[in-house]
Every structure is written in structure tokens, then in C-alpha cells.
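Undergrad: Protein chains in written order, with the numbering used here: chain A, 172 to 514; chain B, 87 to 700. Mind looking over this structure? Questions follow.
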């Protein structure tokens, strides 16, 4: 534990925040600025080693509001650019801010490959299920049938569930949060930072202008969230609802919502969350839970230790080769192999 | 092994050809490396199909490797060959057009079956007559069966035995051209010796068998000898353009003190650069084989932002995919070298064939006013020099640089006098290490050459944000101010224009007032030089001006282009450099000589063209 004692103000830039009033991104910015001092102390990362990278979209403006090193790049490519940054300098704490269009449509390839490589990046995936910056076209997470500017009679394509995509791409860390849950967001971000390898934090954010209340059915207010979401914590029972009266059990190869003490279900029947479990089965099921059949899972769903961290392995190979190779300079390389001399 | 009856010749061109699985590239490489080791000048030209194993025995599947060895300066792999080794009738058919009038043709007689002859597309069953080879020195040798006989009893399966037939053919050539077998044998030992000693032994035995067969048969009464070239004193090695490019970057990394990073995606004919860089982790090189071309350049841009010396490698279609990200590098003003090993286009085009048709794409192929430095290498070995210079300019001027090579120089090889790294300059990028004593750090504040400061993440007190949106001319924060955009647009152009101060002046080969000025750029240099010097030797008033720096053009370009009756711009495209020169020098008249056959120029056709102007 280091003691930098930074405050959120140390991470606030002098730029005026230009998101719409009521936009969910404000709350994420707030949570990030609160999380950074904690991350700095927990992982001994000084201020100048934080680097934020973003693509294009409303959420990608994020980096201008952070008083850190920042790179606002091009549409869809933030994960690829961040990969280069992290490989070039594994000492940096690299954070990617990207939206559902940026990471799941135009940047889908970089998204899955960054996850597959398990490079030590922290990705905050702002999911408002719409293209906001271009003023209201459907995205890869927009609900089926939704009427938008480019789907005037409703979409005819099924959305991605980002959590399933992360797990399908061999992801080692996946958390989900809701814009209004600032403290939960902060906790997820700190957990993401502590995770060695690619960490994806999906933030369900509201777009007040083009997709208002898209998450409202389970996220509208505190009472709704208590009823319709479940906050997962490693090692704790999967309970939710008023007074934790409800729980998740595993039955007939499926998850099932039960009321504790009813129909013969006791607390013992309720599942205990194991975020560290390598097997993806339950994590996939938890990530896939949709309201109203299930509560929507929030918190750290998957946090699995995996030694195969890309940037570390690349660095290790360089060190190993420096130790075993006979070639340590350009002159040595030039004279290696078959040469001949003319006198 | 020295044959006292060997006829001394100035130079000789040999073409090895067979099915793409016959190992012709290796055979040609071993022959040319042997020639290089005994001190000949060499130039090689691998000519292979895009298919890894096209249908056996068809013309589409023929893979060729031409090597030109000489006792003087060898500037190109030669137009036509003195000897053709054809491992099947299809190879004979595909290469008939490359034979010199008195050429020796060695063909594997075992392959002259009705089936094979038909498969190769011959109308009759007599390919020799059908191709009109009566006047040539055609030697039909049963290479396959003789290889089998030589390797009998070694306990190898038939497939492994037949695979050695290329080495038998190599042995024949070693005899005819009085070359030692030891280099090839050493190579075979190092390649297979440990893993598969029996295969190594078989290959070596096949070389001997081919050599002895050639010595005993009367069909090769004449043997030839090419004396060592009077090369400059020094230590030499053989190098191809792709390896030289990779090494130029490693050298630049060493001279700048910054680790080398290469994000790239495999694409023919550029892949070897990535493969080569991946081998040299001991020199601090990090490579990322990205998920696509876009991620290739984007990981490199990220690495440049983080303070590595970053490069990315590609070929034509890949450059198209990288265009948007290249614009970001221009906007962010980060150093980056993009190598485009040009191939026949458009679209997938001719992946394994050479062309110079990406020039306009390199100069202009991006959205917005988006200038970059464009440099072209002109021979396999000078890829090292130009890769180094591209890197130096990128880092010192904080700009992306496109380095153009092409399939011909990338795959071709030649002897190279190894330079000493002490002869290369230090590279001094404008790295900012400390926060200003007063006020905040201004990421877009510029030095004398208009390059901005390079402050990497991890440097205390220098936290700043950059991006693809137009930036304030000092702070780097987003600016939509009209006057600022105008200023930034012109500043980015002026910064690239200022690179001219680092560009060496052009030198013309020949008289400054020659009637015909032959202008070329990039990989055509060897052929143009050979054609022009031949004509100069005949007393013709012709000179050669060759460009390596395309944007910005050298400061004396106009002076060098002036004072000639004809300027003929020769390029392997339909006139892109000529168009560029016309745009820059509107009062001059440029004639064109263009070729888009996927093949290099021939010296013969060039001379014909120049003679027509004289």
C-alpha cells in the first residue's frame, strides 16, 4: 500500500464537461475520479502513470475530463491503440473508455482480441444501447424491435449481450454496473485495476436524449434496483430483493429465482457467488440474465486469475532472449550468419 | 573441382523453375549465396505464384528464381537467361520467353510423360519442337530417376527421396558454373542436420550425384567460370530487401535509444519484415501480430504515444486499410514509419508480383489535408539505409513517414558491404523529460524544425491529452476556432516541407546537359542504370536521375530536370510519378515509359525506348 493521498480533484481536468445534463456518463466520471486515488494507493501507481484512451462517441470524450495522460483516438480503435501503449510500457495503468457502438460494432474485432490476449487493460464499456453522438441510430446492443432514426419501424436484429461476448472471448474479468450506482461503479473499477489481465466493466448508462429510460425497468430508482437487480459479491449468497428475500438457485441446468423460505427453498439452496471460478458456465448464465425473468446481475461477475497476461509475456520474452541470445547490438547482428571479406 | 577447361565469362543468368513444391526458391538461393561467397556480384529475382501449391504440373503452379552473377557490378537480375533449369514441362513452357538465343535448357526427362505434357497445356507430345527449341542446347536429364538411384538404400521413403531432386539439379549447376558445394552442404546441415540427419545426408548426396553426373556426361562439355567482382574492400553478406528494411529499423532503434515496436498483420510480400523483427527480441524489439491491418497501425500509434520507436509494415491493400489511422498519426503528430511493399493492384491484384502503383495512395490517400513524408528504397540492400533515414526523419520531425519498397527489391537479394554503425548518425527526437518551470506543459509548442515535443505517459508533470479532433495550436485541447484550423493545417504542411533540409541533393548519372534524361524512382534503379550505362558506353547522350525522396522532393530537383531535350519518366505504373512531377514543375515536359505486367523492366526494352528518343 502506497500513500499518495490523491483526491478526486487531482484527476479533474480544466475542461468543461459537455455531456447533456442528466447523461449517465457524468456519474461514471464521478466514480472514476473517486476510484483513481484508491487505485493509486492500492497498486502503488503515481498520478503520471495513469493513461486514458478512448475511441469515438459521447463516452469517448471522457479522456478530456481526466487530468491524466490521454489519447482520444478514432472510431473503434481505442482497444488496439491501448494495446500498443501497454505493450510499449507495461508500467502504465491504462484505461479505455468506449461505447457500445465503438467497441461492439466498428471496433468489435479489437474488443474480442484484446480480451482473448488478456492484455492488462481496464475497459469501461459505456452501454446506452444507442448511437448518441450521431443523434439516435440503433447500436449492436439496442433491444430488438426498437424504433430509432435508422429503424423507423423497429430493428430486425438481435442485440449482443456484452458480458456473454467477454466470456465467449475467454475474458478473465467482467463486471457490470449502473450509472446511478456510483459506489458500486467505483468498487468495480478498483477491482478491475487490481485484476492482472483484460478487465471489462460494462456501465449501463442512460441517454436522456435518444434512448431515455432504456434500462429503467430494472434501474430507474433505488427501490426498482433493489427489486430487479442482484449485486454479486464473491463468496456471498446470491440474494436480492426487499430484505434479501429472494435468491438464485441452480435447478434443471438453469438458474431459477426463488423466495427464501417458500416452496421448500432454504438459504442453503441459494448459490454462493464464486467470481474466481475458472469454469464459465455460471458466469455466462449470470451475465445473460434478463429482466423480467431474472434480476439483472451487477457487480463483479467474473474475476479469474490467469498467468497468461499478454504485455507481461511479451516483456518476458524480450528479457529471456536478451539473456540467451548472442546478439546484443546492431553491429553483432550485421556480422551474424554467413559473411565474407574482400581484402 | 576446378575445371581447367572452364570458359571465363563476364556474367551469367540462370533461372531455376519448377512446381511451387519443388523447392526452386531454396535451390536458387543456395546457388546465389554460393556465388556471393566466392565474390561474384549477384542480383536475384524470385518469381513465384500466389498459390502455395497450385495444381501440380500446371503453368499456374510454376515457381521461378532467377539469379544473375557477374565479375562486375551487377545491378539487376538480368532480363533473359543463359541457362534454364526446368523441373517439368510446365516450367519449360512458362519460361520459354526468358531464354537467350543460345541458352542451355536442362529439363527433367522423367517428367516428359504424356500426362504431364498435356497438363502443361502443350498441343503436341513434343514440347521441345513445339516451343521451337531445336537450336538451343537442350539437355534432357532423367533427374528424378537418377536422384532415386543415388539415394537407394538410404532407407528413406519415396516422397523424401523425390524431394531431393532439386539438390541434384543444383549439383549440375555447380559443375557447369564451377562453384563449390560446401556452402550448400553447410546450409543443409544447419537446416536439417539435427532434426533429421538422414534427410540432410540425402540432400548432400543428391548434390554430389548431380555434380558427378554433369562431370561424366558429355552433354556439358562446356563449363563456365565467373571471376570474382572487384568489390570494394570490406566484409560482405547477402541480404534481401525485406530483411534489410527490418535491420534498418533496428539500427534506428539503437541510434535513438528507444525500443523498437512493430504492430503488423501478415500480407504478401511484406510479411518477412515482421518475421525478421520477431527474431530480434534480444535487441529489445517488441512485435505484435495484430488481429487486422488496422490494429497493426493502431498498436504502433499507441506504442509511439507511449514513447517507443514504432513501425508498421504492409502492402497495397493493407495501406488502404491503414489510411484513417495514418491520419490520426498526422493529427497527433507522432513519429511512425509505415512500410508499403508494393505489389500489383488494385484490390488483391497480383500479390506476388511487383509494381509501383501505390505512389498516389502514399502521397494523397487520406481524408483531409494530410501530408506525410514519402521515401522510396531502390535496391535490396539500400532498404537498410532508407529504412534508417525514414526512421530518423519520423522521430526528429515528429511525423509519419511512408517508406515504399516493392515486391522486386523486397524478395531480391544482393551482396552488401556491411556498414559500421559508427558511420550512422545519432537520432535525436525532441523528447520532453521535465515539466516547464512555470506554467503548464504545451504539447503542441514547436521547435525550430516545427516538430512538437514528445512527452510520454509516465513522465511526471507532463500529463496532457491529444487526439484526432483539431487541436489548439499550443495546448492541444480541442479547438473549433476557424483561424486555428487554418494555422494548424498550414503548420502540418510546413513541418513536412521542412524535412527537405535533411534530404540530400540529387546527383545525375551522366552529363547534366544530356539529350535524354531518364527519370526513375524506387526499385527500378538497377535496370535503369544498366540500360543508361550501356547506351552511354555506346556514346549516346543519355543520363539517369533517380529519386528516393518523393515528398518532399530534393531541393535541386528543378535544376536537375532542366536542360534536356527529353525527360522520360520510367515507372512500373501508368504514370503516377510523372503526374506528380508535372504538378510540381508545370513548365517542364515529361514523357512517360510505363509497364504494369507485374514484372520489372527489362534492360532490352528500356534501351529500345531510349534509343527511339535519341
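In this text, a Cβ means the ideal position worked out from N, Cα and C, and glycines have one as well. Note that the structure is a prediction, hence the values are computed from the model and not measured.
1. Going along the stretch 239-258 of chain A in order, which residues come within less than 9 angstroms of chain C, judged by CB to CB distance?
2. Spell out the partners DSSP gives residue 375 of chain B in its beta bridges.
3. May I have the straight-line CA-CA distance separating residue 532 of chain B from residue 599 of chain B, to the nearest angstrom?
4. For residue 473 of chain A, which residues does DSSP report across the bridge?
5. Helix, strand or coil for residue 500 of chain B? Go by DSSP, reduced to three states.
6. Are residue 275 of chain A and residue 220 of chain A touching if we call contact CB-CB under 8 angstroms?
7. Hey, residue 445 of chain B and residue 472 of chain B are a contact pair by Cβ (cut 8 angstroms); roughly how many whole angstroms apart?
8. Could you tell me the alpha carbon to alpha carbon distance between residue 87 of chain B and residue 261 of chain B, rounded to whole angstroms?
9. Can you grab the Cα-Cα spacing for the pair residue 655 of chain B / residue 165 of chain B, in whole Å?
10. To be precise: take each residue of the stretch 107-134 of chain B, compare its Cβ to all Cβ atoms of chain A, and keep it if any distance is under 8 angstroms. Which residues remain?
11. Whose C-alpha, out of A/400, A/241 and A/189, is nearest the C-alpha of residue 304 of chain A?
12. In chain order, what residues of the same chain lie with their CB nearer than 8 angstroms to the CB of residue 257 of chain B, ignoring the 5 residues before and after it?
13. Under 8 angstroms Cβ-Cβ, which residues of chain B neighbour residue 508 of chain A?
14. My understanding is that residue 271 of chain A touches residue 310 of chain A, with C-beta atoms under 8 angstroms, so please give their C-beta distance in whole angstroms.
15. What three-state label does DSSP hand residue 486 of chain B in the structure shown?
16. Do residue 248 of chain A and residue 259 of chain B have their C-beta atoms closer together than 8 angstroms?
17. Ordered along the chain, which non-local residues of its own chain (more than five positions away) have a Cβ less than 7 angstroms from that of residue 481 of chain B?
18. Could you work out which residue in B/280, B/159, B/270 and B/329 is closest to residue 290 of chain B when comparing CA atoms only?
19. How would you call residue 424 of chain B, buried or exposed, if buried means at least 16 neighbouring beta carbons within 10 angstroms?
20. Can you say whether residue 523 of chain A is buried or exposed, counting buried as having 16 or more other CB atoms within 10 angstroms of its CB?
21. Kindly indicate if chain A contains any beta-carbon less than 8 angstroms away from that of residue 278 of chain B.
22. Excluding five sequence neighbours on each side, which residues of the same chain lie with their C-beta closer than 6 angstroms to the C-beta of residue 202 of chain A?
23. Where does residue 377 of chain A land, buried or exposed, given buried means 16+ other C-beta within 10 angstroms?
24. For residue 131 of chain B, list the residues DSSP reports as bridge partners.
25. Do the stretch 363-376 of chain B and the stretch 207-224 of chain A touch if we need at least three Cβ pairs shorter than 8 angstroms?
26. Between which residues of its own chain and residue 671 of chain B is the CB-CB distance below 8 angstroms, once the five residues before and five after are set aside?
27. Do you know how far the Cα of residue 123 of chain B is from the Cα of residue 592 of chain B?
28. Taking 8 angstroms as the CB-CB limit, is residue 511 of chain A close to chain B?
29. Taking a Cβ distance cut-off of 8 angstroms, strictly less, list which residues of the stretch 400-417 of chain A are near chain B, in chain order.
30. Tell me whether residue 302 of chain B is buried or exposed, calling it buried when 16 or more other Cβ atoms sit within 10 Å of its Cβ.
31. Could you work out which residues of chain B lie near residue 505 of chain A, taking near to mean beta carbons separated by less than 8 angstroms?
32. Which bits of chain B does residue 186 of chain A rub up against, with CB to CB less than 7 angstroms?
33. For the beta strand (DSSP E) containing residue 629 of chain B, name the first residue and the last one.
34. Our contact map puts residue 461 of chain B next to residue 484 of chain B with C-beta atoms below 8 angstroms; I'd like the distance itself, whole angstroms only.
35. Return the first residue and the last residue of the beta strand (DSSP E) that residue 296 of chain A is part of.
36. Can you tell me the Cβ-Cβ gap for residue 388 of chain B and residue 259 of chain A, rounded? I've got them flagged as a contact below 8 angstroms.
TA: Result, derived from the coordinates:
1. No chain C appears in this structure, whose protein chains are A and B.
2. Working through the second chain from its first residue, we reach residue 375 of chain B at position 289. Partner(s): B/350.
3. Taking the first residue of the second chain as position 1, residue 532 of chain B is located at position 446. Taking the first residue of the second chain as position 1, residue 599 of chain B is located at position 513. Approximately 42 angstroms, taken between the alpha carbons.
4. As a working note, residue 473 of chain A is residue 302 in the first chain. In DSSP, residue 473 of chain A forms a bridge with A/345.
5. Looking up residue 500 of chain B in the second chain gives position 414. It is a strand residue.
6. The count along the first chain starts at 1 and reaches residue 275 of chain A at position 104. The count along the first chain starts at 1 and reaches residue 220 of chain A at position 49. Contact: no.
7. The residue labelled residue 445 of chain B in the question sits at position 359 within the second chain. The residue labelled residue 472 of chain B in the question sits at position 386 within the second chain. The Cβ separation is near 15 angstroms, so there is no contact.
8. Here the question's residue 87 of chain B lines up with position 1 in the second chain. Here the question's residue 261 of chain B lines up with position 175 in the second chain. With a pLDDT of only 47 at residue 87 of chain B, under 50, the local geometry of the prediction cannot be trusted, and the value read off the model is given with reservation. Residue 87 of chain B and residue 261 of chain B: Cα-Cα distance of roughly 8 angstroms.
9. If you number the second chain from 1, residue 655 of chain B lands on position 569. If you number the second chain from 1, residue 165 of chain B lands on position 79. One C-alpha to the other measures close to 20 angstroms.
10. 119, 122, 123 and 125
11. Counting from one through the first chain, the residue named residue 304 of chain A turns up at place 133. The residue with the shortest Cα to Cα distance from residue 304 of chain A is A/189.
12. Your numbering for residue 257 of chain B matches position 171 in the second chain. 267, 292, 293, 294, 295, 296, 297, 298, 299 and 300, listed in sequence order.
13. Against the first chain, residue 508 of chain A aligns to sequence position 337. Per Cβ cutoff of 8 angstroms: 323.
14. In the first chain, residue 271 of chain A corresponds to position 100, counting from 1. In the first chain, residue 310 of chain A corresponds to position 139, counting from 1. Contact holds; Cβ gap of about 5 angstroms.
15. Taking the second chain and counting its residues from 1, the one referred to as residue 486 of chain B is at position 400. Of the three classes helix, strand and coil, the one that applies to residue 486 of chain B here is strand, per DSSP.
16. As a working mapping, residue 248 of chain A is identified with position 77 in the first chain. As a working mapping, residue 259 of chain B is identified with position 173 in the second chain. Contact flag unset, no.
17. In the second chain, residue 481 of chain B corresponds to position 395, counting from 1. Closer than 7 angstroms at Cβ, skipping near neighbours: 342, 395, 421, 513 and 515.
18. Here residue 290 of chain B refers to the residue found at position 204 of the second chain. Here the closest residue by C-alpha is B/270.
19. In the second chain, residue 424 of chain B corresponds to position 338, counting from 1. Counting Cβ neighbours within 10 Å, residue 424 of chain B comes out buried, since at least 16 surround it.
20. No information on residue 523 of chain A is available, as it lies outside the stretch 172 to 514 that chain A covers here.
21. Position 192 of the second chain, counted from the first residue, corresponds to residue 278 of chain B. Closer than 8 angstroms: no.
22. Your numbering for residue 202 of chain A matches position 31 in the first chain. Closer than 6 angstroms at Cβ, skipping near neighbours: 353, 356 and 357.
23. Mapped onto the first chain, residue 377 of chain A falls at position 206. Per the 10 Å Cβ criterion, buried.
24. Here residue 131 of chain B corresponds to residue number 45 of the second chain, with the count starting at 1. For residue 131 of chain B, which the question treats as bridged, DSSP gives the partners B/152.
25. no
26. On the second chain, residue 671 of chain B is found 585 positions in, with the first residue counted as 1. 643, 644 and 647, listed in sequence order.
27. On the second chain, residue 592 of chain B is found 506 positions in, with the first residue counted as 1. On the second chain, residue 123 of chain B is found 37 positions in, with the first residue counted as 1. Residue 592 of chain B and residue 123 of chain B: Cα-Cα distance of roughly 33 angstroms.
28. Translated into the one-based positions of the first chain, residue 511 of chain A becomes position 340. Chain B, which has a Cβ nearer than 8 angstroms to the Cβ of residue 511 of chain A, makes this yes.
29. none
30. Mapped onto the second chain, residue 302 of chain B falls at position 216. Residue 302 of chain B should be labelled exposed.
31. Translated into positions along the first chain, residue 505 of chain A becomes position 334. Here the neighbours are 323, 333, 504, 505 and 507.
32. What you label residue 186 of chain A is simply residue 15 of the first chain in a count that begins at 1. Those within 7 angstroms of residue 186 of chain A in chain B are 563.
33. Translated into positions along the second chain, residue 629 of chain B becomes position 543. That run of the beta strand (DSSP E) goes 628-633.
34. Counting from one through the second chain, the residue named residue 461 of chain B turns up at place 375. Counting from one through the second chain, the residue named residue 484 of chain B turns up at place 398. Not really, about 16 angstroms apart at Cβ, beyond 8 angstroms.
35. Indexing the first chain from 1 puts residue 296 of chain A at position 125. Run containing residue 296 of chain A: 293-298, per the beta strand (DSSP E) assignment.
36. For the purposes of this step, residue 388 of chain B is taken as the residue at position 302 of the second chain. For the purposes of this step, residue 259 of chain A is taken as the residue at position 88 of the first chain. With a Cβ gap of about 7 angstroms, residue 388 of chain B and residue 259 of chain A count as contacting.
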